[in-house]
Amino acid sequence: MTIEQIQNEIISEFDMFNDWTEKYEYIIDLGKSLPVIKTQYKTQENIIRGCQSKVWLYAENIDNKLIFTADSDAIITKGIIAILIRAFSNQSAEEIINAKTDFVEKIGLKEHLSQTRANGLSSMIKQIKLYAVAYSTK
Amino acid sequence: MTIEQIQNEIISEFDMFNDWTEKYEYIIDLGKSLPVIKTQYKTQENIIRGCQSKVWLYAENIDNKLIFTADSDAIITKGIIAILIRAFSNQSAEEIINAKTDFVEKIGLKEHLSQTRANGLSSMIKQIKLYAVAYSTK
Amino acid sequence: MKNTAFNITSIRNDFPILNLKVNGKQLVYLDNAATTQTPKVVIDSIVSYYSKLNANIHRGAHYLSQKATEAYEDARKKFQKHLNAQSSNEIIFTSGTTHSINLVANGFINLLNSGDEIIVSHLEHHSNIVPWQMLCKKTGAIMRVIPMNEKGELIFSEYEKLLSNKTKVVFVNHVSNALGTINPIKEIISKAHEFGAAVLIDGAQALPHFKIDVIDLDVDFYVGSAHKIYGPTGVGILYGKEKWLNKIPPYQGGGEMIDEVTFEKTTYAKLPNKFEAGTPNIAGVIASAVALDYINKIGLEKIEKREAELLDYATKKLLEIDEIKIYGDSSNKTSVISFNIGSIHPYDIGSIIDNEGIAVRTGHHCAQPIMDYFNISGTIRISMSFYNTIEEIDSLINSIMVAKKMLS
Amino acid sequence: MKNTAFNITSIRNDFPILNLKVNGKQLVYLDNAATTQTPKVVIDSIVSYYSKLNANIHRGAHYLSQKATEAYEDARKKFQKHLNAQSSNEIIFTSGTTHSINLVANGFINLLNSGDEIIVSHLEHHSNIVPWQMLCKKTGAIMRVIPMNEKGELIFSEYEKLLSNKTKVVFVNHVSNALGTINPIKEIISKAHEFGAAVLIDGAQALPHFKIDVIDLDVDFYVGSAHKIYGPTGVGILYGKEKWLNKIPPYQGGGEMIDEVTFEKTTYAKLPNKFEAGTPNIAGVIASAVALDYINKIGLEKIEKREAELLDYATKKLLEIDEIKIYGDSSNKTSVISFNIGSIHPYDIGSIIDNEGIAVRTGHHCAQPIMDYFNISGTIRISMSFYNTIEEIDSLINSIMVAKKMLS
Ligand SMILES: Cc1ncc(COP(=O)(O)O)c(C=O)c1O
Ligand SMILES: Cc1ncc(COP(=O)(O)O)c(C=O)c1O
Chain A
27 MTIEQIQNEI ISEFDMFNDW TEKYEYIIDL GKSLPVIKTQ YKTQENIIRG
77 CQSKVWLYAE NIDNKLIFTA DSDAIITKGI IAILIRAFSN QSAEEIINAK
127 TDFVEKIGLK EHLSQTRANG LSSMIKQIKL YAVAYSTK
Chain B
27 MTIEQIQNEI ISEFDMFNDW TEKYEYIIDL GKSLPVIKTQ YKTQENIIRG
77 CQSKVWLYAE NIDNKLIFTA DSDAIITKGI IAILIRAFSN QSAEEIINAK
127 TDFVEKIGLK EHLSQTRANG LSSMIKQIKL YAVAYSTK
Chain C
5 MKNTAFNITS IRNDFPILNL KVNGKQLVYL DNAATTQTPK VVIDSIVSYY
55 SKLNANIHRG AHYLSQKATE AYEDARKKFQ KHLNAQSSNE IIFTSGTTHS
105 INLVANGFIN LLNSGDEIIV SHLEHHSNIV PWQMLCKKTG AIMRVIPMNE
155 KGELIFSEYE KLLSNKTKVV FVNHVSNALG TINPIKEIIS KAHEFGAAVL
205 IDGAQALPHF KIDVIDLDVD FYVGSAHKIY GPTGVGILYG KEKWLNKIPP
255 YQGGGEMIDE VTFEKTTYAK LPNKFEAGTP NIAGVIASAV ALDYINKIGL
305 EKIEKREAEL LDYATKKLLE IDEIKIYGDS SNKTSVISFN IGSIHPYDIG
355 SIIDNEGIAV RTGHHCAQPI MDYFNISGTI RISMSFYNTI EEIDSLINSI
405 MVAKKMLS
Chain D
5 MKNTAFNITS IRNDFPILNL KVNGKQLVYL DNAATTQTPK VVIDSIVSYY
55 SKLNANIHRG AHYLSQKATE AYEDARKKFQ KHLNAQSSNE IIFTSGTTHS
105 INLVANGFIN LLNSGDEIIV SHLEHHSNIV PWQMLCKKTG AIMRVIPMNE
155 KGELIFSEYE KLLSNKTKVV FVNHVSNALG TINPIKEIIS KAHEFGAAVL
205 IDGAQALPHF KIDVIDLDVD FYVGSAHKIY GPTGVGILYG KEKWLNKIPP
255 YQGGGEMIDE VTFEKTTYAK LPNKFEAGTP NIAGVIASAV ALDYINKIGL
305 EKIEKREAEL LDYATKKLLE IDEIKIYGDS SNKTSVISFN IGSIHPYDIG
355 SIIDNEGIAV RTGHHCAQPI MDYFNISGTI RISMSFYNTI EEIDSLINSI
405 MVAKKMLS
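Chains as they are written, first to last, in the working numbering: chain A, 27 to 164; chain B, 27 to 164; chain C, 5 to 412; chain D, 5 to 412.
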């Protein structure tokens, strides 16, 4: 599936929730199933700044696709990053670079998931794109 | 006359004015007749700080009475200081120290004669009292 | 005459924001240590300033400028009276507690020599650590830290050991923003004075809660922020003993703080102007004095009493929650409770209860050393004001229970 | 779509204070270079902030805090766009022009060596002189002064002679507050860059009058005050090129400007937070962006045109007065006129016309070097905004005639 298709899938899933509790329960469940980062990559360098909770994000290039793994000490943050990984992982660097990111607003994450300074959510997306840029220029 | 008597006299004089123009004309006239300070006292040390225009004030002790002379580069300031000198000059240090100063408000000077920082008018009154304190402790 | 009863309905009506709906829910604002809300009289005074008074102060010979100057200087006198300072020259308006502390720290650059010591407490806000670290770097002075205990209290006997003739400055907050601990500043000050050290007290978290008497405390510098005492943003207060303010150099250069300027040489103005370079936050300062009047009209003793009741109730209710751990349980604290529940990340709970309209703070509260002490990354902090209610605390508890359930 | 006509009645109605009566007379406010008046939309935005949005920013995970943070960061983006800055990291909010300049001057402490040179102009406001004098004292750098001529213009050829490889910083105002002269800053900047010097432009008196494009100017630092562009008191703007802001150290220590704090070591946050220690003037910053929107809605070209008309008319009328001397008659100036009449002290005229409701400034206008140049103690300065009218200038002239008569 393309990034756009996955994002649309996520949007329609989120459309089904009746209230924030259902949405949060879903995010928390996702958090629990996040593809966990290997311990050796859970380093200071792989921490994303600007999030209130700690977020580690790592990308590997396997067969010209970027595979993201991540972790966080907060479960909701883990859930959000799981959504982002679902949308962007296992795609080519180029597709990631060009992908739109407004699905985040469409699923009401920006609205409901308040973040500290410089919006942790945008920091995560920025970091994902930065990885893609780094790999595409290698 | 006591300081209080003089002040009351000044207040009743000011009561006669119908509008600010008459009052200002009077002050300007007073400014022209200010007992002028001797040139040797028109020094940097005798300048009163906190007035927008320059004010020099000097006091001499003659027969246990303080005699004030002053000058300013602005005529309205000269007029005001002339009023203050009329109220406080030629009195004993002790009387000056104990004198009330609210006649200034009563003649509407505080209201109409806006001053820069820390109110030049209060700086002048303060300086007059400081002279009196200085002489009383000599 | 003050009325004796505390009329909570009428008080809440003084604060327009307290009626706000957030995410469809009634706002429950429990983040008062970050910033307090603003009563209508304060907002009105800002409107009135810009509609009837706005002019640059001090420099002008015209009516508006004089009226604005008078209002500004009256505000200074109100703070002087409130803090019981000896002269209005001892009250400097800044842009916030942080600015006040930086101003003082900068003032010590030429008063400290390499090897001199300055003492900080483990309970400080970053604003009362970083400026002094910068100062140490510039001067070679050494920073010593008063340690804390498990209850979140400073260990006084350790403080006494740190003091010596090398000690030049001691800087401690009156109340810890992260834990609410009230420090024994009077004793801290008098001990420091035995060694000739100056003391700066960061009163950002004390001014909203109780009466400060700088003469009784014999404090050298006392600082705070208007936005934490029901005033506007962008205004800070610095009280300094006249002898100290005369001793330290100006922090910023500019208009107002000078006496004469030539390209060769500039002489500085007298206090308080020496420290107020440039156009100040005129509207903000005037409104801050209105805020001060507001809390004084209610009465700080009444505020203290009310907040103590809220603290007791909230503490009792929170302690009924399984696996809760409250950080900082000094018997002498303000209406602040910092806690965690089990191993749940504070951010998770904060995010969930936010959906119920409950505003609390989560994180390190700009006090990382305290978090390091407890070996945690952060806490959930509720901080209550006199306008909070028992019902609001009940809502908080209910929401936390919901969050806890969702998260386990 | 902008409407093309300039509807003065509707514009004046935007400013509540313009209807004020002073001493029983209609206020005529001609002191706009000191501070501009505040349109209702700006006042309203402050009310709205404190009634619906007030919370501490950046640090909070709750709704209000996020909304306040967004509004604050949106304001930053508006200033970025307005100045055509490349990144919002290049916009720092301070408490005023004076603070902005001090922040930059402080940043050069470790970049200057004894014997290095910095260049100031003779036309500066004290705020752009004193911080640099303090810097020279700390570093041993030498201050050179670009001289001015009788018209109140800088002598460019003399500036060129001052420049050398020793020159490290040049700081000049865009517009002189005392005389209104518009300086050729684009040429000044590019000349300085030939020698590798950084340039700070004090735009306090330019921002209210015309559009600034920092990229086109290639300026390193550009500063201004919100209270001079129809915004509130207590807010300053600092534009700095990202490479410069990364190079200079933080000015103040505190919350927000740090990344990690331990007692041993502190790492600083990235731009723009590195320079925004402590709780900023949140309400003020948000209201400043509303002020920016307001003037952009009118349109700066239209404002420029209107003010040029007022300047022409007022200059013509004033020149009809016997014995008047206008200081600064550059053909390139803003709507400011500084003058004296015969040997009458400016304060005397200012005091008398104040009784007629006319607000002008008298004195040295925080620019003593200019007064020294003309060998005077001060001037009467009128400074016009687009909301002023021909009728107001007529009232001014009438009052001056009355004053002149009374005083001679
Ligand atoms: C040219 C110039 N620079 C600097 C300043 C100082 O601005 P502020 O007082 O807002 O810091 C002013 C205003 O008085 C000014 O006109
Ligand atoms: C104890 C303490 N000190 C200093 C500060 C900093 O105050 P401000 O951000 O208003 O400068 C705060 C507030 O966050 C505080 O709680």
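Even glycine gets a Cβ: it sits at the ideal position worked out from N, Cα and C.
Taking the continuous beta strand (DSSP E) assigned at residue 147(C), which residues delimit it?
Position 143 of the third sequence, counted from the first residue, corresponds to residue 147(C). Run containing residue 147(C): 146-150, per the beta strand (DSSP E) assignment.
Burial state of residue 420(C), where buried means 16 or more other Cβ atoms lie within 10 Å
Here chain C comprises residues numbered 5 to 412, so residue 420(C) is not present and cannot be evaluated.
Thinking residue 236(C) and residue 282(C) are a contact (beta carbons under 8 Å), I'd like their distance in whole angstroms, please.
What you label residue 236(C) is simply residue 232 of the third sequence in a count that begins at 1. What you label residue 282(C) is simply residue 278 of the third sequence in a count that begins at 1. Their Cβ separation, rounded to whole angstroms, is 18 Å, which puts residue 236(C) and residue 282(C) out of contact at 8 Å.
Pull up the distance between the alpha-carbon of residue 67(C) and that of residue 280(D), whole angstroms please.
The residue labelled residue 67(C) in the question sits at position 63 within the third sequence. The residue labelled residue 280(D) in the question sits at position 276 within the fourth sequence. Those two C-alpha atoms are separated by around 35 Å.
Leaving aside the five residues before and after residue 164(C) along the sequence, list all residues of the same chain whose C-beta is less than 7 Å from its C-beta, in chain order.
By one-based count along the third sequence, residue 164(C) stands at place 160. For residue 164(C), where only same-chain residues beyond five positions count, the Cβ hits under 7 Å are 195.
Proximity of residue 162(B) and residue 119(B) at Cβ, strictly below 7 Å
As a first step, residue 162(B) must be located in the second sequence, where it is residue number 136. As a first step, residue 119(B) must be located in the second sequence, where it is residue number 93. Yes, they are a contact pair.
Inter-residue spacing [alpha-carbon to alpha-carbon] between residue 94(C) and residue 186(C)
Along the third sequence, read from residue 1 onward, the residue named residue 94(C) stands at position 90. Along the third sequence, read from residue 1 onward, the residue named residue 186(C) stands at position 182. Looking at the two C-alpha atoms, the distance is approximately 25 Å.
For residue 189(B), does the count of other Cβ atoms within 10 angstroms reach 16, so buried, or fall short, so exposed?
Since the first residue of chain B shown is 27 and the last is 164, residue 189(B) is not available in this structure.
Close Cβ partners of residue 141(B) (< 6 Å) along its chain, the five nearest in sequence each way excluded:
Residue mapping note: residue 141(B) aligns to position 115 of the second sequence, counting from 1. Caution applies to residue 141(B), whose pLDDT of 47 falls short of 50 and renders its modelled position unreliable; the value that the coordinates give is listed next. Cβ neighbours of residue 141(B) beyond the five flanking positions: 147.
What does the alpha-carbon distance come out to for the pair residue 323(D) and residue 333(D)?
To locate residue 323(D), count along the fourth sequence from 1; it is residue 319. To locate residue 333(D), count along the fourth sequence from 1; it is residue 329. Distance between the alpha carbons of residue 323(D) and residue 333(D) is about 12 Å.
Does any residue of chain C have a CB that is nearer than 7 Å to the CB of residue 5(D)?
Indexing the fourth sequence from 1 puts residue 5(D) at position 1. With a pLDDT of 40 at residue 5(D), under the threshold of 50, the modelled position of this residue cannot be trusted; read the value that follows with caution. So, not an interface residue.
By the three-class DSSP mapping on this structure, what secondary structure does residue 354(C) have?
As a working note, residue 354(C) is residue 350 in the third sequence. The answer is helix: DSSP assigns residue 354(C) an H, G or I state.
Can you pull the chain D residues whose beta carbon is under 9 Å from the beta carbon of residue 129(C), in chain order?
Position 125 of the third sequence, counting from 1, holds the residue named residue 129(C). Under the 9 Å cutoff, chain D gives 258, 259.
Is residue 129(A) helix, strand or coil when you go by DSSP?
Here residue 129(A) refers to the residue found at position 103 of the first sequence. Helix at residue 129(A).
Any contact of the region 37-46 of chain C with the region 9-21 of chain C, i.e. 3+ C-beta pairs under 8 Å?
Segments in contact, yes.
is_contact[residue 67(D), chain C] using C-beta, thresh 7 Å:
For this step, residue 67(D) is matched to residue 63 along the fourth sequence. So yes, residue 67(D) belongs to the interface.
Residue 407(D) at chain B interface by Cβ criterion, 7 Å:
In the fourth sequence, the residue the question calls residue 407(D) occupies position 403. Answer no: the Cβ-Cβ gap between residue 407(D) and chain B never drops below 7 Å.
Find out if the Cβ-Cβ distance for the pair residue 296(C), residue 82(C) is shorter than 7 Å.
Within the third sequence, the letter at position 292 stands for residue 296(C). Within the third sequence, the letter at position 78 stands for residue 82(C). The answer is yes: Cβ separation under 7 Å.
Helix, strand or coil at residue 240(C) according to DSSP, with G and I counted as helix:
Along the third sequence, read from residue 1 onward, the residue named residue 240(C) stands at position 236. DSSP places residue 240(C) in strand when its eight states are reduced to three.
Shorter than 6 Å, the distance from the beta carbon of residue 347(C) to the closest heavy atom of ligand 2, or not?
On the third sequence, position 343 is the one that residue 347(C) refers to. Result no, Cβ not under 6 Å from ligand 2.
Assign residue 88(A) to buried or exposed, taking buried as 16 or more other Cβ atoms, counted over all protein chains shown, within 10 Å of its Cβ.
As a first step, residue 88(A) is located in the first sequence; it is residue number 62 there, counting from the start. Exposed, since its Cβ has fewer than 16 Cβ neighbours within 10 Å.
Which residue or residues does DSSP assign as beta-bridge partners of residue 330(C)?
Here residue 330(C) is taken as the residue at index 326 of the third sequence, counted from 1. Answer is 343(C).
Which of helix, strand or coil DSSP assigns to residue 348(C):
In the third sequence, the residue the question calls residue 348(C) occupies position 344. Coil, per DSSP.
If you measure beta-carbon to beta-carbon, which residues of the region 33-55 of chain B are closer than 8 Å to chain D?
46, 47, 50, 51, 54
May I ask you to list the residues that DSSP assigns as paired with residue 225(C)?
Reading the third sequence from its first residue, position 221 is the one you call residue 225(C). DSSP output for residue 225(C) lists 204(C), 244(C) as bridge partner(s).
Below 8 Å, can you find three or more Cβ-Cβ pairs linking the region 83-97 of chain B to the region 60-70 of chain B?
Taking 8 Å as the limit for Cβ pairs, the verdict is that the region 60-70 of chain B does touch the region 83-97 of chain B.
Is residue 208(C) near ligand 2, in the sense that its beta carbon is under 6 Å from a heavy atom of that ligand?
Here the question's residue 208(C) lines up with position 204 in the third sequence. Yes, Cβ of residue 208(C) sits closer than 6 Å to a heavy atom of ligand 2.
Specify, as a first and last residue, the run of the alpha helix (DSSP H) that residue 40(B) falls within.
Translated into positions along the second sequence, residue 40(B) becomes position 14. Per DSSP, residue 40(B) belongs to the alpha helix (DSSP H) from 29-41.
Range covered by the beta strand (DSSP E) that runs through residue 263(D):
For this step, residue 263(D) is matched to residue 259 along the fourth sequence. Where residue 263(D) is concerned, the enclosing beta strand (DSSP E) stretches over 262-265.
Reference residue 128(B); option with closest CA among 151(B), 104(B), 82(B), 121(B):
Numbered from its first residue, the second sequence carries residue 128(B) at position 102. With distances taken between Cα atoms, residue 128(B) lies closest to 151(B).
Helix, strand or coil: how does DSSP classify residue 292(C) here?
Along the third sequence, read from residue 1 onward, the residue named residue 292(C) stands at position 288. DSSP places residue 292(C) in helix when its eight states are reduced to three.
Name the DSSP beta bridge partners of residue 385(D), please?
Within the fourth sequence, the letter at position 381 stands for residue 385(D). For residue 385(D), which the question treats as bridged, DSSP gives the partners 342(D), 365(D).
By DSSP's criteria, residue 98(C) is part of a beta bridge. Which residues make up the other side?
For the purposes of this step, residue 98(C) is identified with residue 94 of the third sequence, where counting begins at 1. Paired residue(s): 240(C).
Are the C-beta of residue 344(C) and some C-beta of chain A separated by less than 7 Å?
Working through the third sequence from its first residue, we reach residue 344(C) at position 340. Not closer than 7 Å to any Cβ of chain A, the Cβ of residue 344(C) fails to qualify, so no.
Any residues in the region 350-364 of chain C with a beta carbon nearer than 7 Å to a beta carbon of chain A? Which ones, in chain order?
351, 352, 355, 356, 358, 359
At a threshold of 6 Å, does residue 283(C) count as lining ligand 1 (C-beta to nearest heavy atom)?
Indexing the third sequence from 1 puts residue 283(C) at position 279. Flag set: Cβ of residue 283(C) near ligand 1.
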